[in-house]
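The numbers in my numbering rise by one with no breaks, and the one at position 228 of the sequence shown is 214. Think of the CB as a built atom: it goes at the ideal place given N, C-alpha and C, for glycine as much as any other residue.
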Amino acid sequence: MKKLSFMGECMVELRSNEGSDTSLHQSFAGDVYNSAVYLKRCFSDIQVGFVTVVGNDTFSSRMKDNFEVEGLDTSFVFSNENRSAGLYLIDTDASGERSFTYWRSQSAAKTIMSFLKPEALSTLSENDMFMFSGISIAIIPRDERPSFFRFIEALKESGVKIVFDPNYRARLWETPDEASKNFKQALSLCDVALVGVEDIIELFDIESANDALALCESFGVSEIVIKNGPLSVLTVLDGERLEHAIVPVANVVDTTSAGDAFNGVYLGSRLNDVPISRSVEFAAKAAGTVIQHRGAIIPRGIVETALAEQR
Ligand code: ADP
């Protein structure tokens, strides 16, 4: 059985119920968590683990139950008795514009490096792939990031394919320079880079998807996927460059987690030895389906059906 682990933070998501100012809908979401969920839903034959820390609050225990409901392996879901789950609220104003408020500065997931001991390394070394994002790095306290990168290096030396998506969120970083320094280190270590153009345009002062591709190539990444919204996807695999057309979705409802769903389905396809063009087709189909529904994690069955039709 193929095995892949995602490391990051899942948070409690609150959003207003349509037409109400006073009632909220609660769910769970987080960039790499979303990818893990879509991967597992679409490729049940792959073992998908989530590496994180939850707290001692009720939301944390429901969150962990939810991981299990989604079929994720929770062997590396640690528990920090002194912390609680991170939380965010999505507000939508009268014109449909969304704004996000976060309560995550002391979240349990930030303490992950106190749990990633040598025993964890030896079990995770049996994985085929290990994925983290710019957000996974950003939430680790600055002085613990070197030990995170040593952990990634050790996984890579054991033959685990390292996957990275920069997912830049300026407010999580001390300075843009600190983000760019860490992203460069991640790009120099990863085997697969999954990059949204919009995410890195400002940080790296680039102008186009081609520039983003060139940036990843300059770090020697062997498999590169550049996501450029509805415009196109560019890929490079072992030096072979391809441009993939995207069928634009007419009825975009909510673009939250488009890139995450893309990543999950892309990695699941690649782990099942699906060629790169077909993997991009599946991933784009999943992302294009997710954005026609509200929320990061849409109801079970919808993406799976869309992919089954594509197959
Ligand atoms: P990220 O969310 O990682 O920044 P993108 O915004 O490029 O990445 O979106 C990820 C993927 O979602 C795209 O590669 C594409 O497949 C799909 N996607 C995004 N917007 C649209 C759209 N309007 N129509 C169809 N597909 C879309």
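Beta-carbon gap between residue 122 and residue -3 smaller than 8 Å: Not in contact: residue 122 and residue -3 (Cβ atoms no closer than 8 Å).
Residue 11 versus 69, 75, 92, residue with shortest Cα-Cα distance: Measuring from the Cα of residue 11, the nearest candidate turns out to be 75.
Sub-8 Å separation of residue -12 and residue 151 beta-carbons: Contact flag unset, no.
Beta-carbon separation (whole angstroms), residue 56 vs residue 23, contact threshold 8 Å: So it is a contact: roughly 5 Å between Cβ atoms.
Segment contact flag, the segment 212 to 227 with the segment 280 to 293, C-beta cutoff 8 Å, min 3 pairs: Touching, no.
Beta-bridge pairing of residue 115 - partner residues as DSSP gives them: Residue 115 is bridged to -10, 147.
Residues near residue 67 in its chain [Cβ-Cβ closer than 6 Å; skip 5 each side]: Same-chain partners within the cutoff: 42.
CB contact flag (residue 257, residue 205, <8 Å): Not a contact, by the Cβ cut-off of 8 Å.
Residue 222: first and last residue of the uninterrupted beta strand (DSSP E) it sits in: Looking at the DSSP string, the run of the beta strand (DSSP E) that includes residue 222 is 218 to 223.
Three-state secondary structure assigned by DSSP to residue 76: Residue 76 sits in a strand when the DSSP states are folded into three classes.
Cβ-based neighbour list, residue 52, same chain, cut-off 6 Å, excluding 5 preceding and 5 following: Once the five neighbours on either side are set aside, the close Cβ partners of residue 52 are 14.
Short Cβ contact (8 Å threshold) for residue 177 with residue 17: No, the pair does not count as a contact, with Cβ atoms beyond the cut-off.
Among 187, 48, 264, 142, nearest to residue 153 - alpha-carbon criterion: Residue 153 has its Cα closest to that of 187, out of 187, 48, 264, 142.
Through-space distance from residue 168 to residue 197, alpha-carbon basis: Annotation: residue 197 to residue 168 spans about 19 Å, alpha carbon to alpha carbon.
Contact belief for residue 231 with residue 248 at Cβ below 8 Å, rounded distance in angstroms: In fact, because the Cβ distance is near 15 Å, the residues do not count as touching under 8 Å.
Same chain, Cβ closer than 7 Å to residue 298, neighbours up to 5 away in sequence not counted: What the structure shows of the chain is the stretch from -13 to 297, and residue 298 is not part of that stretch, so it cannot be assessed.
Any non-hydrogen atom of the ligand ADP within 7 Å of residue 193 CB: Not under cutoff, so the answer is no.
Outcome for residue 124 when other beta-carbon atoms lying within 10 angstroms are tallied against a minimum of 16: Buried is the call here.
Cβ-heavy atom distance, residue 104 to the ligand ADP, below 7 Å: Checking every heavy atom of the ligand ADP against the Cβ of residue 104, none is found closer than 7 Å.
Buried versus exposed call for residue 171 [16 or more other C-beta atoms within 10 Å across all chains shown]: By the neighbour-count rule (16 or more Cβ atoms within 10 Å), residue 171 is buried.
Residue interval of the alpha helix (DSSP H) (run including residue 128): For residue 128, there is no enclosing alpha helix (DSSP H), as DSSP marks it with neither H nor E.
C-alpha distance - residue 203 paired with residue 222, whole-angstrom precision: Rounded to whole angstroms, residue 203 to residue 222 spans 9 Å at the Cα level.
Exposure label - residue 20; buried when at least 16 CB within 10 Å: Its Cβ being crowded by 16 or more others within 10 Å, residue 20 is buried.
Residue 171: first and last residue of the uninterrupted alpha helix (DSSP H) it sits in: Per DSSP, the unbroken alpha helix (DSSP H) holding residue 171 starts and ends at 162 to 175.
The ligand ADP heavy atom lying under 7 Å from the CB of residue 23: The closest heavy atom of the ligand ADP lies 7 Å or more from the beta carbon of residue 23.
Inter-residue Cα distance where the pair is residue 307 and residue 107: Beyond the ends of the chain as shown, which are -13 and 297, falls residue 307; an answer cannot be given.
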